[in-house]
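Have a look at the structure below before the remarks.
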Amino acid sequence: MRRCIAFIGAASAAIVAALCVWPVLPGPAGAEPAEALEEIYILRSIREPHTPADNWCSSTRSGFEPFKTDAERFYSFWSLRVRPDNGQVIQMKDTRVAELRACFGDTSERARQNFYAEVQLGAISFRGRGECLALNINFPAPGLFPVRCQLVLSGLPAPYVGGLLTTNTMTSQAAFGGDTKPPGYTQASIATIRLWKTR
Numbered sequence: 127m128r129r130c131i132a133f134i135g136a137a138s139a140a141i142v143a144a145l146c147v148w149p150v151l152p153g154p155a156g157a158e159p160a161e162a163l164e165e166i167y168i169l170r171s172i173r174e175p176h177t178p179a180d181n182w183c184s185s186t187r188s189g190f191e192p193f194k195t196d197a198e199r200f201y202s203f204w205s206l207r208v209r210p211d212n213g214q215v216i217q218m219k220d221t222r223v224a225e226l227r228a229c230f231g232d233t234s235e236r237a238r239q240n241f242y243a244e245v246q247l248g249a250i251s252f253r254g255r256g257e258c259l260a261l262n263i264n265f266p267a268p269g270l271f272p273v274r275c276q277l278v279l280s281g282l283p284a285p286y287v288g289g290l291l292t293t294n295t296m297t298s299q300a301a302f303g304g305d306t307k308p309p310g311y312t313q314a315s316i317a318t319i320r321l322w323k324t325r
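In the working numbering, the protein residues as written are 127 to 325.
Shown next, in the form of structure tokens:
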């Protein structure tokens, strides 16, 4: 399981490619369209080489004790393209649209990690606190480790009041980049970001 946690650290968190803002469907004829109170984004994340800053990944900032090594990580986020008839992804890395700077730390469970992040999505910046959980070991092939992460989002500008970021993550023996080791899969994450507003 220690090996599993190391690979979560290499790529976890958070997060992935495709930028989609779901439209509000028209209502019955004559009815006023409902006001859109949320934005939804689907993105692909790729971990990039990054020099950690002194004391950025601290317990004061994150709310937990960070890993002694490799606690601070940096991810680029990319939009993707899908087939409109069935939603299948056909382009995994289209346009760079966001960045995420993360901090990770241990919990009392080996398979679970604390997760703190600061995100820049276009002109919007916000932060999130949550966790990542290793779901399996050496699956679907030796050297691969599926993970899921979640962040409760805060610090958004008006009119946003909060949000949620969740990921479907694959980590591998490759610490950086979008290609897994062994090859053939997508790392690090496919993430969904929901940003909420109020009237």
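The beta carbon of each residue, even a glycine, is placed where N, CA and C say it ideally should be.
Query - Residues bridged to residue 292 [DSSP beta-bridge criterion] - result: Locating residue 292 in the sequence shown gives position 166, counting from the first residue. In the DSSP output, where bridge partners are listed per residue, residue 292 has 276, 318.
Query raised in the report: Where does the unbroken alpha helix (DSSP H) through residue 187 begin, and where does it stop?
Result: Taking the sequence shown and counting its residues from 1, the one referred to as residue 187 is at position 61. Run containing residue 187: 185 to 188, per the alpha helix (DSSP H) assignment.
Requested in this report: May I have a chain-ordered list of the beta strand (DSSP E) segments no shorter than 3 residues that lie completely inside the stretch 155 to 239?
Outcome: 164 to 174, 198 to 204, 215 to 217, 222 to 232
Query raised in the report: What distance in whole Å lies between the Cβ atoms of residue 222 and residue 202, which are believed to be in contact at a cut-off of 8 Å?
Result: Locating residue 202 in the sequence shown gives position 76, counting from the first residue. Locating residue 222 in the sequence shown gives position 96, counting from the first residue. Rounded, the Cβ-Cβ distance is 6 Å, consistent with contact.
**Report entry** Spatial distance of residue 315 from residue 290 (CA atoms)
**Finding:** Working through the sequence shown from its first residue, we reach residue 315 at position 189. Working through the sequence shown from its first residue, we reach residue 290 at position 164. Roughly 15 Å separates the two Cα atoms.
Query raised in the report: Since residue 255 sits in a beta bridge, which residues does DSSP pair it with?
Result: Position 129 of the sequence shown holds residue 255. DSSP output for residue 255 lists 242, 278 as bridge partner(s).
Query raised in the report: Who are the near neighbours of residue 319 in its chain, counting only those whose CB is closer than 6 Å to its CB and skipping five residues on each side?
Result: For this step, residue 319 is matched to residue 193 along the sequence shown. 167, 291, listed in sequence order.
Requested in this report: Name the residue from 250, 245, 257, 216 whose alpha carbon lies nearest to the alpha carbon of residue 234.
Outcome: The residue given as residue 234 occupies position 108 in the sequence shown. Comparing Cα positions, the closest option is 257.
Report task. Indicate the three-state DSSP secondary structure (helix, strand or coil) for residue 311 in the structure shown. Result -> Counting from one through the sequence shown, the residue named residue 311 turns up at place 185. Here DSSP, grouped into helix, strand and coil, assigns residue 311 to coil.
Query - Contact set for residue 322: own chain, Cβ-Cβ below 7 Å, skip 5 residues either direction - result: Position 196 of the sequence shown, counted from the first residue, corresponds to residue 322. Only 163, 164, 286, 287, 288, 289 meet the Cβ criterion.
Query raised in the report: By Cβ distance below 8 Å, which residues in the same chain neighbour residue 305 in space, the five residues on each side in sequence not counted?
Result: For the purposes of this step, residue 305 is taken as the residue at position 179 of the sequence shown. Excluding positions up to five away in sequence, the list reads 313.
Query raised in the report: Under 8 Å, do residue 172 and residue 254 count as touching if we go by C-beta distance?
Result: Counting from 1 along the sequence shown, the entry for residue 172 is found at position 46. Counting from 1 along the sequence shown, the entry for residue 254 is found at position 128. Against a cut-off of 8 Å, the Cβ pair of residue 254 and residue 172 comes out as no contact.
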